[in-house]
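*Asks:*
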Amino acid sequence: MPPLHRAIRCARLDVAARLLDEYQADINSDYASKTPLLLAIEMRYLEAVDLILRHDSVDINCCDFGGNGILSLAVINGSLAIVERLLCFDSVSINHQSPDGASAVFHAVEHRQFYMLQLLLSDSRTDFNVKNYAGQTPLHVAVRRGDHVAIQIMAKRSRINVNCVDQNGDTPLLLAVKGFNQGGSIQSVVSLLLSRDLNINHPDSNGRTALWHAIKYKETSLVELLLRQNDLTLNDVDRWGFTPLTRSAENESSLPAKLLLQQPGININACSNEVVPPLWAACRAGRYDAVTLLLGQSSIDVNEKGPSGTTPFQVATINGHSLIVSALLRHMS
1 MPPLHRAIRC ARLDVAARLL DEYQADINSD YASKTPLLLA IEMRYLEAVD LILRHDSVDI
61 NCCDFGGNGI LSLAVINGSL AIVERLLCFD SVSINHQSPD GASAVFHAVE HRQFYMLQLL
121 LSDSRTDFNV KNYAGQTPLH VAVRRGDHVA IQIMAKRSRI NVNCVDQNGD TPLLLAVKGF
181 NQGGSIQSVV SLLLSRDLNI NHPDSNGRTA LWHAIKYKET SLVELLLRQN DLTLNDVDRW
241 GFTPLTRSAE NESSLPAKLL LQQPGININA CSNEVVPPLW AACRAGRYDA VTLLLGQSSI
301 DVNEKGPSGT TPFQVATING HSLIVSALLR HMS
């Protein structure tokens with residue numbers, strides 16, 4: 001081990017100072033993939049960090065064996081004082097990314113270092129919307145982890161693009177709603193809704209919105225939350241011609257359909273040939289409760305044909321849904 005590394009390892013600041021000042025020790029020497037600065041940061045040894053940073057020849061943007069920059073390493077090791085010290089240097093690379101695309105902001109999120117996260121976000125040099133190898137921003141990562149505290153911190157920042165999509169075409173909101181089916185918390189969605197810039201109707205790569213996915217996963221509380229938002233659109237069509245109401249008509253539970261039918265502006269019938277009629281979808285799926293709900297709407301078109309060119313009555317007959325056939329006959333008589 002080089003003498004300078006040993007002095008830092010043994011917390012002999014006096015020896016380290018002499019080695020640098022009197023013996024011109026190599027301040028950027030590498031031992032075990034660590035420079036003296038990296039070693040001091042790893043040890044959370046603020047005094048040694050200060051000593052090293054006083055020398056102009058130090059490489060302030062060196063990396064550890066994993067490709068992490070000094071700021072990321074300080075965050076990972078939970079040393080707030082060192083993070084604050086490093087941020088004082090104009091030359092520090094705040095947005096340095098490791099090979100997997102993680103920067104200091106990502107590490108602050110992953111290690112739940114909320115004060116450090118706020119410090120980084122308060123610095124004008126920080127790229128809030130930097131993406132990792134999966135095309136995800138720090139906000140995506142916070143959503144994936146279900147960390148509503150980190151989400152709240154970031155969602156309120158005007159410089160953060162809350163509608164940025166990852167490589168799968170998902171915004172943080174879409175990721176939160178899709179994750180709800182895997183044990184996610186509604187609090188993540190609530191936290192995202194705090195952003196004034198949020199596009200609640202942003203579709204994924206299949207044209208499906210947050211409302212569409214909330215209905216798919218039969219999460220009534222989530223559907224109710226989304227329906228309370230003023231700028232929500234109700235009749236978005238996915239790439240297969242399904243609106244949220246059409247999707248709800250196929251659900252085992254009729255509650256999402258009930259909630260949608262209470263909304264002003266809901267299209268009960270298909271608005272074009274590219275849209276699958278909700279009644280036709282319910283008849284094909286054999287959802288008797290949904291069929292009776294839709295038949296109770298005064299403007300329902302019972303003869304509107306589906307993609308196969310069949311009417312609701314025909315598709316119910318073909319699929320052997322006798323109760324639905326009877327309900328349709330009663331309605332048409």
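Numbering (full-length UniProt numbering), first residue to last: 1 to 333. Cβ atoms here follow ideal geometry from the backbone N, Cα and C, with glycine treated the same way.
Determine the contact status of residue 251 and residue 218, defining contact as a CB-CB distance below 7 angstroms.
*Replies:* The answer is yes: Cβ separation under 7 angstroms.
*Asks:* For residue 238, which residues in the same chain have their Cβ closer than 7 angstroms to its Cβ, ignoring the five residues on either side in sequence?
*Replies:* Excluding positions up to five away in sequence, the list reads 206, 207, 208 and 212.
*Asks:* Which residue spans inside the region 208–260 form an unbroken alpha helix (DSSP H) run of at least 4?
*Replies:* The region 208–260 contains these whole alpha helix (DSSP H) runs: 210–216, 220–227 and 244–249.
*Asks:* With a 10 Å radius around its C-beta and 16 neighbouring C-beta atoms as the bar for buried, classify residue 242 as buried or exposed.
*Replies:* Burial call: buried.
*Asks:* Given that a residue counts as buried once 16 or more other Cβ atoms are within 10 Å of its Cβ, and exposed if not, what is residue 45?
*Replies:* Classification of residue 45: buried, given that the 10 Å Cβ count is 16 or more.
*Asks:* Is there at least one Cβ from chain C nearer than 7 angstroms to residue 24's Cβ?
*Replies:* The structure shown has no chain C; it contains just one protein chain.
*Asks:* Which value, in whole angstroms, describes the spacing of the CA atoms of residue 327 and residue 272?
*Replies:* Rounded to the nearest angstrom, the two C-alpha atoms are 25 angstroms apart.
*Asks:* Would you decide whether residue 263 is buried or exposed? Buried here means 16 or more other CB atoms lie within 10 Å of its CB.
*Replies:* Classification of residue 263: exposed, given that the 10 Å Cβ count is below 16.
*Asks:* Taking all protein chains shown into account, do 16 or more other C-beta atoms lie within 10 angstroms of the C-beta of residue 11, making it buried, or fewer, making it exposed?
*Replies:* Burial call: exposed.
*Asks:* For residue 145, which residues from the same chain have a beta carbon less than 8 angstroms from its beta carbon, with the 5 sequence-adjacent residues on both sides left out?
*Replies:* 109 and 110, listed in sequence order.
*Asks:* Using 10 angstroms around the beta-carbon of residue 303, count the other beta-carbons present and answer buried if the total reaches 16, otherwise exposed.
*Replies:* Label assigned to residue 303: exposed.
*Asks:* Which word fits residue 113, buried or exposed, when buried means at least 16 other C-beta atoms lie within 10 angstroms of its C-beta?
*Replies:* Flag for residue 113 reads buried.
*Asks:* Once the 5 residues before and after residue 163 are set aside, which same chain residues still bring their CB inside 6 angstroms of it?
*Replies:* Around residue 163: 171, 199 and 202.
*Asks:* Three-state secondary structure (DSSP) at residue 31?
*Replies:* Reduced to three states, the DSSP call for residue 31 is strand.
*Asks:* Whose C-alpha, out of 69, 86 and 119, is nearest the C-alpha of residue 97?
*Replies:* The residue with the shortest Cα to Cα distance from residue 97 is 69.
*Asks:* Specify the secondary structure class of residue 283 as computed by DSSP and reduced to three states.
*Replies:* In this structure, residue 283 counts as helix in the three-state DSSP scheme.
*Asks:* Apart from the five residues on each side of it in sequence, which residues of its chain come closer than 6 angstroms, Cβ to Cβ, to residue 72?
*Replies:* Excluding positions up to five away in sequence, the list reads 104 and 107.
*Asks:* Given a cut-off of 7 angstroms, decide if residue 261 and residue 220 are closer than it, judged by their beta-carbon atoms.
*Replies:* Cβ distance not < 7 angstroms, so residue 220 and residue 261 don't count as in contact.
*Asks:* Do residue 268 and residue 300 have their CB atoms nearer than 7 angstroms?
*Replies:* Cβ atoms of residue 268 and residue 300: closer than 7 angstroms.
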